[in-house]
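S.K.: Same order as they appear, the protein sequences are chains H and U. Residues 1 to 113 (this note's numbering) make up the first sequence, in order. Residues 114 to 224 (this note's numbering) make up the second sequence, in order. Just so you know, even glycine gets a beta-carbon here, dropped at the ideal spot from N, CA and C. Here the structure is a predicted model, which means the values were calculated and not measured.
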Amino acid sequence: DTGVSQDPRHKITKRGQNVTFRCDPISEHNRLYWYRQTLGQGPEFLTYFQNEAQLEKSRLLSDRFSAERPKGSFSTLEIQRTEQGDSAMYLCASSLEGVGEQFFGPGTRLTVL
Amino acid sequence: DAKTTQPNSMESNEEEPVHLPCNHSTISGTDYIHWYRQLPSQGPEYVIHGLTSNVNNRMASLAIAEDRKSSTLILHRATLRDAAVYYCTLPLGGSQGNLIFGKGTKLSVKP
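Written out as structure tokens, the structure reads:
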């Protein structure tokens, strides 16, 4: 296993368009997280899954954002009607259940024009 | 939610020890303290975590104050590859999984 992968690595879109990002976690990890990071800031938690169940969503996650993990493996994050303020790095991480280490992917950089 | 406070930046010389401080005065009794670092254009990388006792691994040591309101990440011999933003993080709410990241400390290492 080569770690957490994310696709695409970069996405440029026009305001108002919908975008979808994919995250493939480490195969045996049952937890999957999405974070957003803007320039000069640390990552901000968005949501997380345990297997296919979405257990927690941040207050930051507006109703334009939706995430799925249909079979408890890969996950998708969709942003509808993108706004310029959505421009950020979207990071995915996975872990085993419990307190331990989260493994982060390289991120998807979104630019909304 | 508990928050962390770190210096914005620190400098070190190569091959010298580095002590990166973090204040977390509102930490809850069961919250683990996690440290991650992030190199430019990469996702964060786990460094170490602990609850009460000091912890050591191949990357670093974590010294936790007795009252748990502060901790220090110790890099024993800084290398140029250790130049990164270091984040001290705490769990979000009651969950031990989701993490709150502050702005972190940008560590520069001089040859």
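Ends of the beta strand (DSSP E) at U/M172?
M.R.: By 1-based counting over the second sequence, the position of residue 172 of chain U is 59. Counting along the chain, U/M172 sits inside no beta strand (DSSP E), nor does DSSP assign it H or E at all.
S.K.: Kindly indicate which residue of U/A178, U/V222 and U/I146 has the alpha-carbon position closest to the one of U/A197.
M.R.: Position 84 of the second sequence, counted from the start, is the residue given in the question as residue 197 of chain U. Ranked by how close their Cα comes to the Cα of U/A197, the residues U/A178, U/V222 and U/I146 have U/V222 in first place.
S.K.: I think H/L32 touches H/S75, with their Cβ atoms under 8 Å apart; what is that distance to the nearest whole Å?
M.R.: By one-based count along the first sequence, residue 32 of chain H stands at place 32. By one-based count along the first sequence, residue 75 of chain H stands at place 75. That pair is a contact at about 5 Å.
S.K.: Give every residue of the same chain whose Cβ lies closer than 7 Å to the Cβ of U/D195, excluding the five residues on either side of it in the sequence, and list them in chain order.
M.R.: Looking up residue 195 of chain U in the second sequence gives position 82. Closer than 7 Å at the Cβ level, and outside the excluded window around U/D195, lie L188, L220 and V222.
S.K.: Can you list, in chain order, the residues of its chain whose CB lies under 8 Å from that of H/K71, leaving out five sequence neighbours each side?
M.R.: Residue numbering aside, residue 71 of chain H sits at position 71 when the first sequence is read from its first letter. Counting only Cβ-Cβ distances below 8 Å, and skipping sequence neighbours, we find E52.
S.K.: With a threshold of 7 Å between beta carbons, is U/P120 in contact with chain H?
M.R.: Counted from its first residue, the second sequence places residue 120 of chain U at position 7. Output row for U/P120: interface = no.
S.K.: Given that a residue counts as buried once 16 or more other Cβ atoms are within 10 Å of its Cβ, and exposed if not, what is U/T139?
M.R.: One-based indexing of the second sequence puts residue 139 of chain U at position 26. Exposed.
S.K.: Consult DSSP for H/R22 and reduce its assignment to one of helix, strand or coil.
M.R.: Within the first sequence, the letter at position 22 stands for residue 22 of chain H. Three-state DSSP puts H/R22 in a strand.
S.K.: For H/E68, which residues does DSSP report across the bridge?
M.R.: Along the first sequence, one-based indexing puts residue 68 of chain H at 68. Answer by DSSP bridge pairing, in chain order: H/T76.
S.K.: List the residues of chain U whose Cβ lies closer than 7 Å to the Cβ of H/Q54, in chain order.
M.R.: By one-based count along the first sequence, residue 54 of chain H stands at place 54. Within 7 Å Cβ-Cβ: nothing; H/Q54 doesn't reach chain U, min ~12 Å.
S.K.: Quick check: U/A191 and U/S122, are their CB atoms within less than 7 Å of each other?
M.R.: Residue mapping note: residue 191 of chain U aligns to position 78 of the second sequence, counting from 1. Residue mapping note: residue 122 of chain U aligns to position 9 of the second sequence, counting from 1. Contact: no.
S.K.: Can you look up H/L39 in the DSSP assignment and give me helix, strand or coil?
M.R.: Numbered from its first residue, the first sequence carries residue 39 of chain H at position 39. Three-state DSSP puts H/L39 in coil, outside helix and strand.
S.K.: Pairs of beta-carbons, one from the segment 45-60 of chain H and one from the segment 21-32 of chain H, closer than 8 Å: are there three or more?
M.R.: yes
S.K.: By the 9 Å beta-carbon criterion, what residues does the segment 135-159 of chain U contribute toward chain H?
M.R.: Y145, H147, Y149, Q151, S154, Q155, G156, P157, E158 and Y159
S.K.: Under 7 Å, Cβ to Cβ, is there at least one residue of chain H near U/G217?
M.R.: Along the second sequence, one-based indexing puts residue 217 of chain U at 104. Yes, its Cβ sits closer than 7 Å to a Cβ of chain H.
S.K.: May I ask you to report which of helix, strand or coil DSSP gives H/R31?
M.R.: If you number the first sequence from 1, residue 31 of chain H lands on position 31. H/R31 carries a strand assignment under DSSP once its states are collapsed to helix, strand and coil.
S.K.: Please state the DSSP three-state secondary structure of H/D7.
M.R.: Counting from one through the first sequence, the residue named residue 7 of chain H turns up at place 7. Three-state result, H/D7: strand.
S.K.: For U/G163, does the three-state DSSP call read helix, strand or coil?
M.R.: Along the second sequence, read from residue 1 onward, the residue named residue 163 of chain U stands at position 50. Correct three-state label for U/G163: strand.
S.K.: By Cβ distance below 6 Å, which residues in the same chain neighbour H/Q80 in space, the five residues on each side in sequence not counted?
M.R.: Position 80 of the first sequence, counted from the first residue, corresponds to residue 80 of chain H. Cβ within range, chain order: N18 and R64.
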